[in-house]
Structure formats: structure tokens, C-alpha cells
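To start, the structure under review is shown below, and the notes come after it.
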Amino acid sequence: MPKALALMVMLFGVLAGSGGAVAGPADAGGSETKAKAKTARRMAVVVLPAEGRSPEQQQALWQAAQEAALEHSGSGQSWVLLALNPRPPERGEGETIAEVKRKVDEGRQAYRFLKLPEARAVFEQAHRLLQEVPPARCERKVVSDLFFYWARAALDDGDDKTAGQLLRQVDRFDEKALPDPATMPPNLVATWDVALEERKSMPRARVSLHLGPGAGSLFVDCAERAAGEIVLEGPAGGEFWVAATIDGGSFHGRYRYPSRGTASLIVWSGQPGDARRVAELYGKLDRQTLASLSAPARQALDGLAAATGAELLLLAEADGAGARARLQLYLPQKGLLGSPVETALAEPGAPDAGLGAGMAKISAQMGSPGVLAALQGESDRARQDPDGATRKKKKGDGEAAPPWYRTWWFWTATGAVVAGGVLTAVLLATSGGTAPSGNVVLTVSPPR
6 MPKALALMVM
16 LFGVLAGSGG
26 AVAGPADAGG
36 SETKAKAKTA
46 RRMAVVVLPA
56 EGRSPEQQQA
66 LWQAAQEAAL
76 EHSGSGQSWV
86 LLALNPRPPE
96 RGEGETIAEV
106 KRKVDEGRQA
116 YRFLKLPEAR
126 AVFEQAHRLL
136 QEVPPARCER
146 KVVSDLFFYW
156 ARAALDDGDD
166 KTAGQLLRQV
176 DRFDEKALPD
186 PATMPPNLVA
196 TWDVALEERK
206 SMPRARVSLH
216 LGPGAGSLFV
226 DCAERAAGEI
236 VLEGPAGGEF
246 WVAATIDGGS
256 FHGRYRYPSR
266 GTASLIVWSG
276 QPGDARRVAE
286 LYGKLDRQTL
296 ASLSAPARQA
306 LDGLAAATGA
316 ELLLLAEADG
326 AGARARLQLY
336 LPQKGLLGSP
346 VETALAEPGA
356 PDAGLGAGMA
366 KISAQMGSPG
376 VLAALQGESD
386 RARQDPDGAT
396 RKKKKGDGEA
406 APPWYRTWWF
416 WTATGAVVAG
426 GVLTAVLLAT
436 SGGTAPSGNV
446 VLTVSPPR
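Under this note's numbering, read the sequence shown as residues 6 to 453, first letter to last.
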């Protein structure tokens with residue numbers, strides 16, 4: 006049997022045996038969870054660029070809204086979070102890393118001379134730089150040293166609680182870092198031991214992370230990860246950084262593990278040229294507000310959704326002072342849903358309880374009769390004839406459908422590793438050369 010055909014048979018068996026989807030660790034929830042997962046729509050957060058707000062302030066709101074939205078994503082939740090950041094960061098990654106290294110050295114020098122408040126302030130500045138633009142590649146030992154010496158400065162300054170919180174982050178970037186009674190002061194060893202025990206006792210949570218549908222490289226906490234769907238596990242509420250190099254630019258996001266269960270996060274990477282198109286559409290949202298969305302702005306939002314595969318948008322805007330934010334759902338081709346939710350904003354980089362509460366209200370709106378009717382009406386509208394009769398869309402109707410190996414359902418249902426293998430097998434089996442010609446049939450059922 007030709008190798009390409011053998012590979013196809015193997016993959017067909019895997020896909021057919023799982024009903025057309027590959028069950029990974031994130032799928033282990035039983036049939037009830039899978040049934041609920043079908044109703045979760047891909048939702049992207051879009052920040053309306055308010056007048057008078059700097060790009061850094063808009064980026065901070067996007068980061069905070071993304072972080073809060075992840076809590077309500079996943080199987081059986083309100084949505085699957087589609088991470089989309091059309092605005093590149095103002096500061097390049099190399100510039101950020103160089104500045105962080107400089108500040109870590111400066112902070113360590115201040116610590117040696119027992120200038121504890123000064124050292125803590127410098128370390129905090131370095132940390133904020135990393136949170137603003139979580140890098141793809143960094144010297145993990147430098148980041149580990151940042152947390153370690155920041156913790157020592159806090160401990161020597163009498164702030165045991167902060168020191169413990171910082172020490173829990175040290176081995177996140179340096180797995181070999183552990184308390185050493187032979188070289189460390191007793192109070193540091195004791196505080197670190199307690200911090201590690203507290204972390205072990207914290208409930209665990211997971212995040213199903215996927216990069217697609219285009220190519221790219223994915224990084225978590227400055228370490229490159231394999232392509233396709235991966236499952237991250239960490240302490241509930243614990244922070245992690247996601248970065249990706251994709252066509253047309255890069256992606257940088259800061260997130261926290263959910264309070265329980267498994268959250269779902271898709272980092273969007275489009276096909277060549279898609280990123281430029283998305284940036285152009287996002288540029289048409291300048292000076293727009295939730296209270297007065299213009300027709301061109303609504304067209305741009307609809308275009309953003311179509312270009313990225315988002316089935317739902319969450320619009321966010323900050324007030325002039327940046328102390329409060331408003332959130333509201335937007336259904337492509339239909340308009341705003343529900344009512345706007347106003348919430349206070351925390352300092353950039355800090356856990357935002359106010360925004361988290363606001364996101365919980367938005368999540369609750371997803372189950373309200375009005376929103377459910379709008380979502381169901383949109384689904385029905387897509388299946389109606391011009392005379393109003395509902396029907397199933399035929400394969401040949403309207404615009405030609407994209408190849409199945411480029412569709413969103415294929416990449417999200419199977420995971421990029423298996424999907425990539427199927428695509429490779431199809432190309433091998435259908436190409437010329439010395440391989441025998443013939444028909445290869447692969448049945449993959451898209452999610453319903």
C-alpha cells in the first residue's frame with residue numbers, strides 16, 4: 006500500500022472513531038460537556054479606539070478584557086475566546102527585553118546597597134514592561150532573577166506576603182530554582198518553602214490553547230511550544246504569558262488560569278495577507294463609541310468577524326479618564342446585543358476584579374431570552390430561502406466554499422497536528438510523481 010494512502014487510512018480511522026473530531030485532554034468531559042460545547046461561539050474582544058486614549062492605554066484595556074473573558078470560555082461556557090490583536094505593540098520585543106535586563110541589573114545593584122524601596126520600584130517597572138508586551142523569546146533566567154531579587158527586597162523590607170507571592174513565580178521561568186539552606190538566609194528559605202506549599206495546595210485549572218488557522222510559532226512564558234492544540238495546566242488564578250509570531254506581525258497576551266475547569270483560547274493567525282486586511286478594518290473604528298456606531302463602523306466590525314472566523318464580538322471602550330470601561334456584545338450582520346455593562350478598571354497588570362464582575366454580567370446575558378433569540382434567529386436566517394422557507398444549504402449554493410482543510414471547523418475540531426498530517430497526506434496522495442494515481446476518500450464530520 007502506498008505510504009500516503011496508508012497514512013490516510015490511519016487518520017480516517019482516528020477521525021471516524023471519534024465522530025469526526027480528535028478528542029484531546031480538553032475533551033475529557035463526557036457527552037454532556039460535548040453537547041454544551043457545540044453552543045459556545047468563537048468570540049473576539051475588540052477595543053474601540055476612544056478619542057484621547059493613547060495606544061498604550063488601549064492595549065492595556067485589551068489585555069485586561071482578554072484576561073477577564075478567558076474565565077468564561079471553554080466547554081459548557083459562554084464562548085470560546087478568539088484572541089485577536091490587530092494593533093501591534095508600540096515597543097518592539099527586542100527593545101522590551103533589553104530594557105528589562107537593564108532594570109533587573111539596576112534593581113539588583115540597589116538591593117546590594119540596601120536601597121530596598123528603590124529596588125522594589127525598579128523591579129516593578131521591569132515586570133510591568135513584560136506584562137505590557139509578553140515576549141515570545143526572552144532569557145528565562147533574567148525573568149527568574151527578577152522575581153527572586155524582587156522577593157528578597159520585599160522580604161528584607163518586611164513585606165512577607167508579597168515576597169511569598171513573588172517566590173511562587175521563580176521556578177515558572179527556572180525549573181531548577183529551589184530554596185537552598187546552604188547558601189540562603191533562613192528567613193528566605195522558610196518563606197520560599199511556605200510559598201511552594203501554598204502553591205501545591207491551590208486548585209488546578211487548565212487552558213486548551215490553539216494557534217490557527219494559519220501558520221505561526223507559539224510561545225508560553227518565553228518557551229516555544231509545539232504546533233497544534235496544547236493543554237496548559239497551572240494554579241487557578243495564576244498568570245501565564247502567550248506570544249506568537251504570525252504572518253504580518255506578532256501576538257502578545259497576558260492571561261490567568263480560570264478559577265476551575267478548562268478554558269478555551271484560540272490565538273488567531275490568518276493566511277498571508279489576512280493580518281493586513283484586519284488592521285485596515287480595525288483602523289475604520291477610530292472615534293467610534295458604543296452609543297453611536299456608524300454604518301461604516303458596523304461594516305468594519307462585520308468584516309473583522311468574517312476575516313477572522315469570529316461568530317461574536319465583545320466591544321470594549323474606556324472613558325476619557327481611563328478609570329471605567331463599558332462592554333457590550335455585537336452579533337455580526339445584526340448589531341449590538343443586550344445592554345452595555347459599565348465597570349471600574351484596575352491598575353494595568355493587576356487582577357481586575359471590577360472588569361471580571363463586568364465580564365460575568367456579559368456572560369449571564371448570553372443566556373437571556375433576548376440574546377438567545379437573536380443568536381437563534383441568526384442561525385435560522387442563514388438557512389432560509391428568499392421566500393422564508395428554511396432549508397439546509399447545499400454545497401454548490403452561492404459563493405464557493407473554501408477547501409475543507411482551510412476551514413475553521415477543521416482546524417479547531419481536529420487540532421493542527423492531526424490536521425496538518427491530513428493535509429500533508431492529501432497533498433501527497435493527489436500530487437503527481439511516481440506515486441500511483443487514484444481516488445482518496447476522507448470523511449470528516451464538521452461540528453454541528
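From the three backbone atoms N, C-alpha and C, an ideal C-beta is built for every residue, glycine too.
Residue i vs residue j beta-carbon contact at 8 Å
| i | j | result |
| --- | --- | --- |
| Leu334 | Leu342 | yes |
| Ala4 | Val212 | No answer is possible for residue 4: the residues shown for the chain start at 6 and end at 453. |
| Pro140 | Arg92 | no |
| Val51 | Leu306 | yes |
| Ala156 | Ala168 | yes |
| Val283 | Leu309 | yes |
| Ser344 | Ser83 | no |
| Leu160 | Leu119 | no |
| Pro94 | Gln136 | no |
| Arg47 | Gly314 | yes |
| Arg204 | Arg173 | yes |
| Ala73 | Met364 | yes |
| Ala312 | Leu286 | yes |
| Leu336 | Ala300 | no |
| Gln457 | Gly239 | Outside the displayed span of the chain (6 to 453) sits residue 457, for which this structure offers no information. |
| Leu214 | Ile235 | yes |
| Ala296 | Leu66 | no |
| Ala323 | Arg96 | no |
6 Å Cβ shell around residue i - same chain, five flanking residues per side excluded
| i | result |
| --- | --- |
| Asp198 | Pro184 |
| Gly243 | Tyr262 |
| Gly253 | Ala280 and Arg281 |
| Val175 | Ser149, Phe152, Phe153 and Ala182 |
| Gln68 | Arg259 |
| Lys116 | The identity of residue 116 in the sequence shown is Tyr, whereas the question assumes Lys. The residues are Ala124, Tyr154 and Ala158. |
| Ala131 | Val105, Lys108, Val109 and Leu151 |
| Gln293 | Leu53 and Ala302 |
| Arg230 | Leu223 |
The beta strand (DSSP E) enclosing residue i, as first and last residue numbers
| i | result |
| --- | --- |
| Thr196 | Where Thr196 is concerned, there is no enclosing beta strand (DSSP E), although the alpha helix (DSSP H) it sits in stretches over Pro191 to Ser206. |
| Gly219 | Counting along the chain, Gly219 falls outside any beta strand (DSSP E), and DSSP gives it neither H nor E. |
| Glu322 | Leu317 to Ala323 |
| Phe256 | Gly254 to Arg261 |
| Ser237 | Here residue 237 is Leu; the residue named in the question, Ser, does not match the sequence. Run containing Leu237: Ile235 to Pro240, per the beta strand (DSSP E) assignment. |
| Arg142 | Premise fails: Arg142 is in no beta strand (DSSP E) and is neither H nor E. |
| Arg58 | Unbroken run through Arg58: none, as it is neither H nor E. |
| Gly340 | Gly340 to Ala349 |
| Val228 | A quick correction: the sequence has Ala, not Val, at residue 228. Ala228 -> beta strand (DSSP E) spans Ala228 to Arg230. |
Simplified DSSP state of residue i, which is helix, strand or coil
| i | result |
| --- | --- |
| Pro186 | coil |
| Ala245 | The sequence as given places Phe at residue 245; Ala does not occur at that position. Correct three-state label for Phe245: strand. |
| Arg92 | coil |
| Met364 | helix |
| Leu134 | helix |
| Ala378 | helix |
| Pro122 | helix |
| Ser274 | strand |
| Gln293 | coil |
| Ser149 | helix |
| Gly112 | helix |
| Leu172 | helix |
| Leu334 | strand |
| Ala103 | helix |
| Arg209 | strand |
| Arg47 | strand |
| Ala268 | strand |
| Leu53 | coil |
Neighbourhood of residue i by C-beta, 8 Å cutoff - its chain only, sequence neighbours within 5 removed
| i | result |
| --- | --- |
| Arg265 | Pro208, Ala210 and Ala241 |
| Phe128 | Lys108, Val109, Gly112, Leu151, Tyr154, Trp155 and Ala158 |
| Leu290 | Val51, Leu53, Pro54, Ala302, Ala305 and Leu306 |
| Phe178 | Arg145, Lys146, Val148, Ser149, Phe152, Asp226 and Cys227 |
| Ala465 | With the chain covering only 6 through 453, there is no way to say anything about residue 465. |
| Ala45 | Ser78, Gly79, Ser80, Gly81, Gln82, Ser83, Trp84, Val85 and Ser269 |
| Leu75 | Leu86, Val212, Tyr260, Arg261, Pro263, Ala268 and Leu270 |
| Gln381 | none |
Supposed contact pair residue j and residue i - C-beta distance, whole angstroms, cut 8 Å
| i | j | result |
| --- | --- | --- |
| Phe224 | Arg145 | So it is not a contact: roughly 11 Å between Cβ atoms. |
| Thr348 | Ala328 | Not really, about 10 Å apart at Cβ, beyond 8 Å. |
| Thr269 | Val85 | The sequence given here places Ser at residue 269; Thr does not occur at that position. 4 Å between Cβ atoms; contact. |
| Leu216 | Ser274 | 6 Å |
| Pro122 | Asp164 | That belief does not hold up - the Cβ atoms of Pro122 and Asp164 are roughly 11 Å apart, past 8 Å. |
Near the ligand HEM: residue i beta-carbon under 7 Å from a heavy atom
| i | result |
| --- | --- |
| Ala88 | With respect to the ligand HEM, the structure offers nothing, as it holds no ligand at all. |
Opening and closing residue of the alpha helix (DSSP H) in which residue i lies
| i | result |
| --- | --- |
| Arg281 | Asp279 to Gly288 |
| Ala305 | Ala300 to Thr313 |
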